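Below: one structure, written as structure tokens.
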Amino acid sequence: MSESSRLLPEDPFPEDLSELEKVEVEVLNSRVHRELDAEYFEDDGPQPATQDRLEEIQEELDRRDGVGPQRESVTRETGESVA
-1 MSESSRLLPE DPFPEDLSEL EKVEVEVLNS RVHRELDAEY FEDDGPQPAT
49 QDRLEEIQEE LDRRDGVGPQ RESVTRETGE SVA
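Just so we're aligned: the sequence shown equals residues -1 to 81 in our numbering.
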């Protein structure tokens, strides 16, 4: 298996998480959490890109679970609502 268990800041990230299956979002969540854990041991600490990705994933999972603030999904590329 060549895919890393971590999602590095320079790795591709989906433009619209709402288009993914829940299991795909959960896998992204796991990979980003693993990367964040590793970044805490680096001199620079957690990278903003990793923190932003984690926040976006958590918002999407909360939206799907019907908990937390119910924000509409918005694509990063166009800024259009996809709720």
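C-beta atoms are modelled at their ideal positions from N, C-alpha and C, and glycine is treated no differently.
Nothing here was measured: the structure is a model prediction, and the numbers come from that model.
In the three-state DSSP reduction, V65 falls in the coil class, being neither helix nor strand.
Ranking E57, D41, E1 by CA distance to the CA of D14 puts E57 first. Here E40 is exposed. Its C-beta has fewer than 16 other C-beta atoms within 10 Å. Taking each of V25, L59, A47, S16 in turn and checking the Cα distance to P7, the smallest one comes out for A47.
One alpha carbon belongs to D60, the other to A36, and they sit about 24 Å apart.
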